[in-house]
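Here's the structure, in structure tokens; my notes come after.
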Amino acid sequence: MKDFSEKYRGVTHFGLALEERADMRGKMDAWRVLKDALQRTVEEDVRSELLYDALDYLENQGCHERAIKDFRNALLIGPPVARYMTIKFAMQRIWKGL
Numbered sequence: 790m791k792d793f794s795e796k797y798r799g800v801t802h803f804g805l806a807l808e809e810r811a812d813m814r815g816k817m818d819a820w821r822v823l824k825d826a827l828q829r830t831v832e833e834d835v836r837s838e839l840l841y842d843a844l845d846y847l848e849n850q851g852c853h854e855r856a857i858k859d860f861r862n863a864l865l866i867g868p869p870v871a872r873y874m875t876i877k878f879a880m881q882r883i884w885k886g887l
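The following block contains the structure:
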């Protein structure tokens with residue numbers, strides 16, 4: 790699993806301020822991966838290692854587990870509009886958990 794907060798840790802020239810915010814910045818980077826997948830899901834298959842890593846990272850950070858599971862299941866929905874709407878609803882719940 791990819792650690793989305795890794796690039797924000799141990800950056801000495803910014804001091805502790807960046808280190809303390811590393812988890813939140815990692816969550817936001819993972820969120821951007823999900824957001825990109827939502828925007829592309831109607832036109833293409835967005836399932837990728839990076840997307841699953843982002844979901845795993847958010848789940849390990851304590852985000853809304855049920856919403857993340859719903860997001861994963863939505864990726865298997867055939868009709869593109871139904872897939873988009875289900876992913877969007879799951880993302881709204883994930884966002885509340887960030």
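Our numbering numbers the first residue of the sequence shown as 790 and each following residue consecutively.
Ideal Cβ positions, reconstructed from N, Cα and C, are used throughout, including at glycine.
Being a predicted model, the structure only gives us computed values, none of them experimental.
Outcome for residue i when other beta-carbon atoms lying within 10 angstroms are tallied against a minimum of 16
| i | result |
| --- | --- |
| residue 794 | buried |
| residue 838 | exposed |
| residue 865 | exposed |
| residue 872 | buried |
Residue i versus residue j: straight-line alpha-carbon distance, rounded
| i | j | result |
| --- | --- | --- |
| residue 846 | residue 816 | 8 Å |
| residue 854 | residue 881 | 13 Å |
| residue 875 | residue 819 | 19 Å |
| residue 812 | residue 823 | 17 Å |
| residue 858 | residue 810 | 26 Å |
Residue i and residue j closer than 8 Å at C-beta
| i | j | result |
| --- | --- | --- |
| residue 814 | residue 797 | yes |
| residue 870 | residue 835 | no |
| residue 827 | residue 877 | yes |
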